[in-house]
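Participant:
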Ligand SMILES: [Zn+2]
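In the numbering used here, the protein residues as written are 364 to 605.
See the structure below:
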């Protein structure tokens with residue numbers, strides 16, 4: 364569930380991200396009139412099994428929804444709610460309606476599962492974890508950009524395609540499209556520090572971003588957010604996703 368908005372006396376307009384059809388807007392009739400238990404099912408961050416029928420015009424009709432995978436602990440942590448909310452806003456801004464994006468769906472599931480494990484009191488991951496919330500968001504954001512065809516380049520200059528030798532540090536810029544070499548850098552505004560070569564090598568395998576240091580994860584998250592915001596504006600979002 365990406366978003367819900369009240370509609371009329373008792374209905375909800377919901378925006379869901381589904382495995383089969385991608386982003387689907389739907390009307391949930393009498394969802395606000397029903398019991399609190401039913402309403403819980405329409406909260407974000409759980410994986411729901413839903414039954415949809417095509418309705419009038421663009422809106423489908425949500426017939427039923429049950430929780431398939433519950434992530435109750437995620438809902439208790441403000442920072443994890445923020446992270447999950449950011450991922451949902453990214454999908455809403457970039458993923459075209461009614462286009463199945465199974466890789467993005469899988470990446471979102473992985474992100475939410477990871478956030479739930481971090482917050483669950485029974486897990487040992489909180490103690491031994493080598494991953495950060497920022498790192499998980501970077502992994503998700505990079506995959507989202509990759510799958511939708513806006514991927515950031517780390518193995519070569521995004522401007523002139525000159526390969527970046529492994530181990531070589533470089534500046535990374537959302538406006539540039541990834542790594543920007545020294546020759547191309549004057550044309551690309553960036554107030555960031557260069558990222559170490561080992562970090563950039565690590566990013567060529569996207570999943571490794573989850574284990575970045577807090578400092579590098581935060582720097583990359585800023586680049587990913589900027590890249591997603593720019594892309595959202597380029598495809599017509601007026602407010603972007605800041
Ligand atoms: Zn270049």
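The C-beta atom is built at its ideal place from N, Cα and C for all residues, glycine as well.
Residue 534 lies in the beta strand (DSSP E); which residues open and close that run?
Facilitator: Note, residue 534: beta strand (DSSP E), 530-536.
Participant: Does the Cβ of residue 567 have 16 or more other Cβ atoms within 10 Å, making it buried, or fewer, making it exposed?
Facilitator: Counting the other Cβ atoms within 10 Å of the Cβ of residue 567 gives fewer than 16, which makes it exposed.
Participant: Does ligand 1 have even one heavy atom less than 7 angstroms from the beta-carbon of residue 546?
Facilitator: yes
Participant: Regarding residue 531 and ligand 1, is the C-beta to nearest heavy atom distance less than 7 angstroms?
Facilitator: no
Participant: Determine, using beta-carbon pairs with one atom in the region 584-592 and one in the region 494-503, whether at least three such pairs fall under 8 angstroms.
Facilitator: yes
Participant: From residue 521 to residue 551, what distance separates their C-alpha atoms?
Facilitator: 11 angstroms
Participant: Let me know if residue 599 comes out buried or exposed under the rule of 16 or more other beta-carbons within 10 Å of its beta-carbon.
Facilitator: exposed
Participant: Quick check: does the Cβ of residue 527 come within less than 7 angstroms of any heavy atom belonging to ligand 1?
Facilitator: Result no, Cβ not under 7 angstroms from ligand 1.
Participant: Buried or exposed for residue 432, going by 16 or more other Cβ atoms inside 10 Å?
Facilitator: By the 10 Å Cβ count, residue 432 comes out exposed.
Participant: Determine whether the beta carbon atoms of residue 513 and residue 595 lie at a separation below 8 angstroms.
Facilitator: Contact: no.
Participant: Going by C-alpha distance, which of 381, 383, 405 is nearest residue 375?
Facilitator: 405
Participant: If you reduce the DSSP assignment to three classes, tell me which class residue 473 lands in.
Facilitator: helix
Participant: Who are the near neighbours of residue 504 in its chain, counting only those whose CB is closer than 7 angstroms to its CB and skipping five residues on each side?
Facilitator: 453, 587, 591
Participant: Quick one, which of 542, 427, 414 has its alpha-carbon nearest residue 563's?
Facilitator: Checked all of 542, 427, 414; the closest Cα to residue 563 is 542.
Participant: Could you pull out every residue in the same chain whose Cβ sits closer than 6 angstroms to the Cβ of residue 455, ignoring the five residues on either side in sequence?
Facilitator: 365
Participant: Going by the C-beta, is residue 608 closer than 7 angstroms to any heavy atom of ligand 1?
Facilitator: A question about residue 608 goes unanswered here, because the residues of the chain that appear run from 364 up to 605.
Participant: To the nearest whole angstrom, what separates the beta carbons of residue 519 and residue 528, a pair I think is in contact under 8 angstroms?
Facilitator: Not confirmed; about 10 angstroms, so no contact.
Participant: Between the Cα of residue 469 and those of 506, 388, 436, spot the shortest distance and give me the residue it belongs to.
Facilitator: For the options 506, 388, 436, the alpha carbon positioned closest to that of residue 469 is the one of 506.
Participant: Name the two residues that bound the continuous beta strand (DSSP E) containing residue 423.
Facilitator: Residue range 423-432 is occupied by the beta strand (DSSP E) that includes residue 423.
Participant: Measuring CA to CA, which of 555, 515, 523 is closest to residue 534?
Facilitator: The option with the nearest alpha carbon to residue 534 is 555.
Participant: Cβ of residue 522 versus every heavy atom of ligand 1: is any distance shorter than 7 angstroms?
Facilitator: yes
Participant: What first and last residue would you give for the alpha helix (DSSP H) that runs through residue 442?
Facilitator: 441-457
Participant: Please name the residue in 466, 435, 458, 465 whose C-alpha comes closest to that of residue 476.
Facilitator: Of the candidates 466, 435, 458, 465, the one whose C-alpha sits nearest the C-alpha of residue 476 is 435.
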